[in-house]
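Participant: Structure provided below as structure tokens; questions to follow.
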Amino acid sequence: CVKIGVQEILQQRPDMILSGINLGSNVGINLLYSGTVSAATEGAFLGIPSVAISLNTKNDPDFGFAAKFSRRMIQLVMENGLRERTALNVNIPAVPEDQIKGVSFTTQDLVRHRDIYEKRNDPRGNVYYWLATETPVEDSIPDTDLMALRENRITITPISFDLTDLKEVKRLASIDFDL
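Written as structure tokens, this is what we have:
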């Protein structure tokens, strides 16, 4: 959507891409599956300052504070810019404003989870699976997006899209792959 919007539909290039406010957090490894985060990442790839914002709830959302904070985020990004090809992934706790314990600049949590699926039937009798819950199989690392969100802190994680494992590139380069 971002690519076609920027390259074909919009008459002029946007000053910024704001993706969200998403229902549910996008922290840890889950940001890889997020359309909200992907839209911001695509904007960053196109050279446009981009922010993905998510509210940590699935039920009865109150967007009041999240919208207020998002407005402030937009102002700060427009005033200060972002590094080229870097987007911000922002997660806001779904608690009353007076329970928010500040803003933390975090790294992405890389804890593995065990997914639990429910087997269901749609109205036509077709089977489908619903991701019911995710259970961590490891302890979260301090100062990551997941831990900060659990502590009712707003998380801001600068993200880029280079998924290259540089250490593995070096290791593999030392192996004789010549034909």
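Residue numbers (the working numbering): 1 to 179.
No residue lacks a Cβ here, since even glycine has one placed at the ideal position from N, Cα and C.
Just so we're clear, the structure is a prediction, and the values are computed from it rather than from any experiment.
Are the beta-carbon atoms belonging to N152 and A94 less than 7 Å from one another?
Facilitator: Reading the sequence shown from its first residue, position 152 is the one you call residue 152. Reading the sequence shown from its first residue, position 94 is the one you call residue 94. Cβ distance not < 7 Å, so N152 and A94 don't count as in contact.
Participant: Can you name, in chain order, every residue of its own chain whose Cβ lies under 6 Å from the Cβ of L46, other than the five neighbours on each side?
Facilitator: In the sequence shown, the residue the question calls residue 46 occupies position 46. The residues are V6.
Participant: Please list the terminal residues of the continuous alpha helix (DSSP H) segment that includes E168.
Facilitator: Here residue 168 is taken as the residue at index 168 of the sequence shown, counted from 1. Element bounds for E168: L166 to A173.
Participant: May I have the straight-line CA-CA distance separating M73 from M16, to the nearest angstrom?
Facilitator: Locating residue 73 in the sequence shown gives position 73, counting from the first residue. Locating residue 16 in the sequence shown gives position 16, counting from the first residue. For M73 and M16, the distance between alpha carbons rounds to 11 Å.
Participant: State the CB to CB distance for the pair L88 and V51, rounded to an integer number of angstroms; the pair is presumed to be in contact (CB under 8 Å).
Facilitator: Translated into the one-based positions of the sequence shown, residue 88 becomes position 88. Translated into the one-based positions of the sequence shown, residue 51 becomes position 51. Contact flag correct, Cβ pair sits at about 5 Å.
Participant: For N22, I'd like the list of residues in its chain whose CB is within less than 6 Å of its CB, leaving aside the five on either flank, ordered along the chain.
Facilitator: Translated into the one-based positions of the sequence shown, residue 22 becomes position 22. Once the five neighbours on either side are set aside, the close Cβ partners of N22 are T36 and S54.
Participant: Which word fits G125, buried or exposed, when buried means at least 16 other C-beta atoms lie within 10 angstroms of its C-beta?
Facilitator: What you label residue 125 is simply residue 125 of the sequence shown in a count that begins at 1. Under this definition G125 is an exposed residue.
Participant: Are the region 149-165 and the region 113-133 touching by the rule of at least three beta carbon pairs closer than 8 Å?
Facilitator: In short, these stretches do not touch, since the Cβ pair count stays below three.
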